[in-house]
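Using numbering that gives the first Met the number 0, the letters of the sequence shown correspond one by one to residues 0 to 951.
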Amino acid sequence: MHNQDYLISEEKNYVLKLTLTVFALLVASVLFSQTSIRGIVTDAKTGETLPGVAVSIKNTTQGVMSDADGNYELNVGAGKHTVVASYLSYSALEVTDVEVKRGEVTKLNIPMQESLNALNEVVVVAMARINSEVSLLNSMKNANGIVSGVSSQQISRNQDRDASEVIRRIPGISIMDNKFIVARGLSQRYNNVWINNSATPSSEADSRSFSFDLIPSSQIENIMIVKSPQPELPADFSGGFVKVATKGIPSENSMEISYGTGFNAQTQFEDFKYNPGSSTDFLGFDNGHRSLRNIVPFRLDADNTEMIDAVTKNGFNNNWAIKTKSPLPDQRFSFAMSRRINTEGGQQWGLTSAVNYSYTSRTLMNMRNAQYEVYNDISDKTELDNDYSDNQYNTNARLGAMVNLSFISNKDNHYEFQNIFNQLGQDRYTFREGTDYTSGRSKRQEREEYLYSSRTTYSGQFTGKHTLPFADKLDWTLGFSYANKNQPDRRMINRTENASTAEDPFNGQMYISQADIERNFIDLSEYTYNAAANYSHDLKINSSITSTLKGGFYGEYKVKDYNTRDFDFLYNEDYFPYSFRFGDVVKDILIPENFGANRLYINESTNNVDSYDGNNKLLAAYLAINIPYKKFNIYAGARFEHDIMTLTNFISPVGFETKDSEYKTTDVFPSLNVSYNLDKSNILRFAYGMSINRPEFREVSPASFYDFDLFNRIQGNPNLKAAYIQNMDLRYELYPSSGELVSVALFYKHFENPIEWTFINTGGGSRIFTFENALSGQNLGVEVDLKKRLDFIGLKDFSAVINGSLIKSKVKFDENSTEDERPLQGQSPFLVNAGFFYQSDPLQLTAGLMYNIIGKRIVGIGLKSKSENSTVNDDIPDMYEMPRNVLDFTVTKRIGKQLEIAAAIKDIFSQDVLYKQFPKFIDDAGVLHEREQTTRRFNPGQNISLSAKFNF
Numbered sequence: 000m001h002n003q004d005y006l007i008s009e010e011k012n013y014v015l016k017l018t019l020t021v022f023a024l025l026v027a028s029v030l031f032s033q034t035s036i037r038g039i040v041t042d043a044k045t046g047e048t049l050p051g052v053a054v055s056i057k058n059t060t061q062g063v064m065s066d067a068d069g070n071y072e073l074n075v076g077a078g079k080h081t082v083v084a085s086y087l088s089y090s091a092l093e094v095t096d097v098e099v100k101r102g103e104v105t106k107l108n109i110p111m112q113e114s115l116n117a118l119n120e121v122v123v124v125a126m127a128r129i130n131s132e133v134s135l136l137n138s139m140k141n142a143n144g145i146v147s148g149v150s151s152q153q154i155s156r157n158q159d160r161d162a163s164e165v166i167r168r169i170p171g172i173s174i175m176d177n178k179f180i181v182a183r184g185l186s187q188r189y190n191n192v193w194i195n196n197s198a199t200p201s202s203e204a205d206s207r208s209f210s211f212d213l214i215p216s217s218q219i220e221n222i223m224i225v226k227s228p229q230p231e232l233p234a235d236f237s238g239g240f241v242k243v244a245t246k247g248i249p250s251e252n253s254m255e256i257s258y259g260t261g262f263n264a265q266t267q268f269e270d271f272k273y274n275p276g277s278s279t280d281f282l283g284f285d286n287g288h289r290s291l292r293n294i295v296p297f298r299l300d301a302d303n304t305e306m307i308d309a310v311t312k313n314g315f316n317n318n319w320a321i322k323t324k325s326p327l328p329d330q331r332f333s334f335a336m337s338r339r340i341n342t343e344g345g346q347q348w349g350l351t352s353a354v355n356y357s358y359t360s361r362t363l364m365n366m367r368n369a370q371y372e373v374y375n376d377i378s379d380k381t382e383l384d385n386d387y388s389d390n391q392y393n394t395n396a397r398l399g400a401m402v403n404l405s406f407i408s409n410k411d412n413h414y415e416f417q418n419i420f421n422q423l424g425q426d427r428y429t430f431r432e433g434t435d436y437t438s439g440r441s442k443r444q445e446r447e448e449y450l451y452s453s454r455t456t457y458s459g460q461f462t463g464k465h466t467l468p469f470a471d472k473l474d475w476t477l478g479f480s481y482a483n484k485n486q487p488d489r490r491m492i493n494r495t496e497n498a499s500t501a502e503d504p505f506n507g508q509m510y511i512s513q514a515d516i517e518r519n520f521i522d523l524s525e526y527t528y529n530a531a532a533n534y535s536h537d538l539k540i541n542s543s544i545t546s547t548l549k550g551g552f553y554g555e556y557k558v559k560d561y562n563t564r565d566f567d568f569l570y571n572e573d574y575f576p577y578s579f580r581f582g583d584v585v586k587d588i589l590i591p592e593n594f595g596a597n598r599l600y601i602n603e604s605t606n607n608v609d610s611y612d613g614n615n616k617l618l619a620a621y622l623a624i625n626i627p628y629k630k631f632n633i634y635a636g637a638r639f640e641h642d643i644m645t646l647t648n649f650i651s652p653v654g655f656e657t658k659d660s661e662y663k664t665t666d667v668f669p670s671l672n673v674s675y676n677l678d679k680s681n682i683l684r685f686a687y688g689m690s691i692n693r694p695e696f697r698e699v700s701p702a703s704f705y706d707f708d709l710f711n712r713i714q715g716n717p718n719l720k721a722a723y724i725q726n727m728d729l730r731y732e733l734y735p736s737s738g739e740l741v742s743v744a745l746f747y748k749h750f751e752n753p754i755e756w757t758f759i760n761t762g763g764g765s766r767i768f769t770f771e772n773a774l775s776g777q778n779l780g781v782e783v784d785l786k787k788r789l790d791f792i793g794l795k796d797f798s799a800v801i802n803g804s805l806i807k808s809k810v811k812f813d814e815n816s817t818e819d820e821r822p823l824q825g826q827s828p829f830l831v832n833a834g835f836f837y838q839s840d841p842l843q844l845t846a847g848l849m850y851n852i853i854g855k856r857i858v859g860i861g862l863k864s865k866s867e868n869s870t871v872n873d874d875i876p877d878m879y880e881m882p883r884n885v886l887d888f889t890v891t892k893r894i895g896k897q898l899e900i901a902a903a904i905k906d907i908f909s910q911d912v913l914y915k916q917f918p919k920f921i922d923d924a925g926v927l928h929e930r931e932q933t934t935r936r937f938n939p940g941q942n943i944s945l946s947a948k949f950n951f
């Protein structure tokens, strides 16, 4: 076993070393080799330089925008090229037969002729859409702070299906549970997400977290992650402020339809088990089939036998049958339409709309789930609480729509109405069997979970951008977002081995106890209303310095409503024979003839404390100044935020008296972003900012719920307080040519009162997971990012994208905590993303090979013994998700001008997902030993897909 682990470790080290070697060679090539066209764009009449001019190579995807001084540079292959330049209110210009020699820089200055008739042709260029790698890198280069991102062009090459797959390509970003981001080692609670410059509601009940798997990649124009605090951004983030932009005004009329199919290697050729659902499950929502029937009152009266009888028989969906089928291959469909209308008066209308749908199945077989007690240092062996094997069957149906309407009345006024809607339904059946050791002897157990969950998100914004007299700029946003998570009738069946005497005829058989059949209903809704405005004014200090003053406000009102009801089945032991409890639950027990108030009946076990309402009011304002001084650009400011969160919850399990709890913070958050332009291609940046992390509704609520995967309940902590973070960044950026980047960044964060998970050991193998404030924390890391074409080594049409991070963190707890010093939960010590791409415009062929690995990270916290004379021998260790190599291959072929065929193999290695603990103990000789024990293991399987896209 240890030799095998050593070989795996050696393999990972080899892969990491090879990746770093390739990275070093590519960096060296960037520094010492260059083939490009370089020049300055000017007004032909006045000689003034023109920023923001679109310069590209005709009939290719290569392009760049001129910088603030009119400079541009296009990295191209050797040969003759046609250079095209276009700009607002200027005639488009083509320069033919521009000859470029390998390893040389060709100078080409471009004079632009003003033309009023050109307005309608190039107004979109002036809006600087960030949908290509070139425009993305230009946006990063001209940003005031530390920014990383990914464009729709890169998304298309990777064939990523949703935002969770897209965002993990960004330096310092990883994904947990296939949907939540970890930025710079900080979990989702330390990250903020906006869509189209508007706040998004949380899609989860127990934390502030946005599920990125909700957004299909086809709706995304770009994703930008701001990593340094800035005055105009909310202060409630530290890892990353994620800005998702959906597709805006089109450059031309188009219509596109696509269809894709595929399968998962672990799923497609095996039996698939399911419980029949509603007729609308395929659309991502339940039509009421699983809901409580109208005859179910607000609360059941246990003494009202007539009511109990009626509700037991007719108050629920009582179809518990598990059926078997052969799963359909994955189905994906999308339709997109763009329209652009230019009026005679120079006005423009733009419509971008899309509908997408997918239906997929996934099976996880023989998934190990184990929970351990303190390691037995006497006999040097593990001590299991329980050890289970799960077979899990998942069906996901997703329906999404986007409608964005744009209106440009003139060059000074631009309006947009943006809407994005997504519906995701997840149907999961789990059969669990294994052994429970907590009673002092081993007992076999069987558990079943019927879980259906639908998630709805809508985000809408009405925005305006205006250029006022004296070149002042004003932009504003009115936004509304909605999220709902509906979990109707989550059902669980628990059966335990009868460990009786040999005389018992049913000894060793599986049986149900009272309340071993449970039903749970959850509904979570969150509404977010926000309004914002930003104003900027240029202030000329002297003939060479023009600073920009900025100011603005932001207001947000959030309402959250969380309701849960719990039921279980009880049976009359005097009515049924002793053998009843040993019957088949579905075929012999949960049948209509057994239902009745004096037989097998429903019992309400709802705890009112588990439901809550809340609202949050945030008022913010900021002032900032941007000062360009010689080679420096200084952006400094402060943000004021006043936040009031009000939580309303019941004070007793059965009563309906409520109380309000308020949590207030009022703070000023300073920030400073400084960049130093060493030359046109080299930038050095420094950033400092203070930020905050406030507790969420569920985290301060006494509400609790049972987590099937953790085997235990999760409960809030009303005594939580806000955490404050000091953030510092230092980054060097090199832009050798258009579409290319080398960057190296250092970051450091200091936390005061960071909010972390912990758990309370209640005995008998039971634990309650909760939240607590640690004393302090630190997070230190380095990030590297490289985007480079490979024609310098003779690989024409090839390019590479490599990024990686090394991160170290430490959290300190006070002496009363059950935890000891450890890394931040979710933080990986390293992350590596690498992509090698081939793109041939003549062949109309694109291919890519992408690799990803993350270092082991804490996904479950342990328990440190604080009793007198305790040692490491008495601790329950943290649980880690282990590294795994993920390799994807994609290929896309365009046939003519209208048809495109794409194929992909995702997760080629299909290595096991593995969670482990590493218990330590000191033997009698004082020697420290470390062991390992597996808590979870499953294989996700390869995903193979084929799709076709047709453009009209």
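Note that the Cβ used here is the ideal one computed from N, Cα and C, for glycine as well.
| Item | Value |
| --- | --- |
| Met-306 lies in the beta strand (DSSP E); which residues open and close that run? | Run containing Met-306: none in the beta strand (DSSP E); it sits in the alpha helix (DSSP H), 304-313. |
| Use the C-beta contact count for Lys-79: other C-beta atoms within 10 angstroms, 16 or more gives buried, fewer gives exposed. | exposed |
| Taking Ser-147 and Ile-194 to be in contact with their CB atoms under 8 Å, please state how far apart those CB atoms are, rounded to whole angstroms. | Not a contact, Cβ separation roughly 18 Å. |
| Tell whether a beta-carbon distance below 9 Å holds between Arg-788 and Gly-738. | yes |
| To which residues of the same chain is Ser-499 closer than 8 Å at the C-beta, ignoring the five residues directly before and after it? | Phe-505 and Asn-506 |
| Asp-435 bridges to which residues according to DSSP? | Asn-385 and Lys-442 |
| What residues in its chain sit with their C-beta under 7 Å from that of Val-295, if we drop five residues either side in the sequence? | Val-310 and Gly-314 |
| Using the Cβ count rule (16 or more neighbours within 10 Å means buried), how would you classify Val-124? | Annotation note: pLDDT 32 at Val-124 (below 50); position unreliable, no value reported. |
| Are the segment 634-642 and the segment 613-623 in contact at 8 Å, needing three or more beta carbon pairs? | yes |
| Would you identify the three-state DSSP class for Arg-930, choosing helix, strand or coil? | coil |
| By the DSSP assignment, the beta strand (DSSP E) with Arg-490 in it spans what residues? | 472-496 |
| If the criterion is Cβ atoms closer than 9 Å, does the pair Gly-433 and Arg-440 meet it? | no |
| Taking DSSP as the reference, what is the three-state secondary structure of Leu-727? | First, the residue type needs correcting, since residue 727 is Met and not Leu in the sequence shown. Of the three classes helix, strand and coil, the one that applies to Met-727 here is strand, per DSSP. |
| Mapping the DSSP letters down to three states, classify Leu-719 as helix, strand or coil. | coil |
| Whole angstroms are fine: how far does the CA of Gly-261 sit from the CA of Thr-647? | 47 Å |
| Taking the beta carbon of Ile-650 as the centre, do at least 16 other beta carbons fall within 10 Å, making it buried, or is it exposed? | exposed |
| Take Phe-566 and list the residues in its own chain whose beta-carbon comes closer than 6 Å to its own, dropping the five residues that flank it on each side. | Arg-518, Ile-601 and Glu-603 |
| Let's see if you can read the secondary structure: which residues bound the beta strand (DSSP E) around Val-54? | 53-56 |
| Name the two residues that bound the continuous beta strand (DSSP E) containing Ser-829. | Checking the sequence shown, residue 829 turns out to be Phe, not Ser. Start and end: 829-839. |
| Is Phe-268 buried or exposed, if buried means 16 or more other CB atoms sit within 10 Å of its CB? | exposed |
| Tell me the DSSP secondary structure of Gln-1010 in three-state form. | What is shown of the chain runs 0 to 951, which leaves residue 1010 out entirely. |
| I need the straight-line Cα distance from Gly-554 to Pro-627, nearest angstrom please. | 30 Å |
| Quick one: measure Cβ to Cβ for Lys-557 and Glu-592, integer angstroms, because I've assumed they're closer than 8 Å. | Rounded, the Cβ-Cβ distance is 49 Å, inconsistent with contact. |
| I need the straight-line Cα distance from Ile-588 to Ile-307, nearest angstrom please. | 18 Å |
| Using the three-state DSSP reduction, which class does Gln-152 fall into: helix, strand or coil? | helix |
| Are at least three pairs of beta-carbons, each pair with one atom in the segment 887-898 and one in the segment 836-848, less than 8 Å apart? | yes |
| From the DSSP output, which residues share a beta bridge with Val-99? | Gly-78 |
| Is it buried or exposed, Met-366, if we count other Cβ atoms within 10 angstroms and call 16 or more buried? | buried |
| To the nearest angstrom, how far is it from the Cα of Ile-792 to the Cα of Gly-76? | 12 Å |
| Glu-517 lies in the beta strand (DSSP E); which residues open and close that run? | 516-539 |
| Go through its chain and collect everything with a Cβ distance to Gln-932's Cβ below 7 Å, but skip five positions before and after it. | Tyr-371, Thr-381, Lys-915, Gln-916 and Pro-918 |
| Quick one, are the C-beta atoms of Lys-948 and Ser-480 less than 9 Å apart? | no |
| According to the Cβ coordinates, are Gly-259 and Asp-329 closer than 9 Å? | yes |
| Is the beta carbon of Ser-670 sitting closer than 9 Å to the one on Pro-110? | no |
| Counting C-beta neighbours from all protein chains within 10 Å, is the total for Met-64 16 or more, i.e. buried, or is it exposed? | buried |
| Assuming Ala-91 and Val-40 form a contact by the criterion Cβ under 8 Å, report the distance between their Cβ atoms to the nearest whole angstrom. | With a Cβ gap of about 13 Å, Ala-91 and Val-40 do not count as contacting. |
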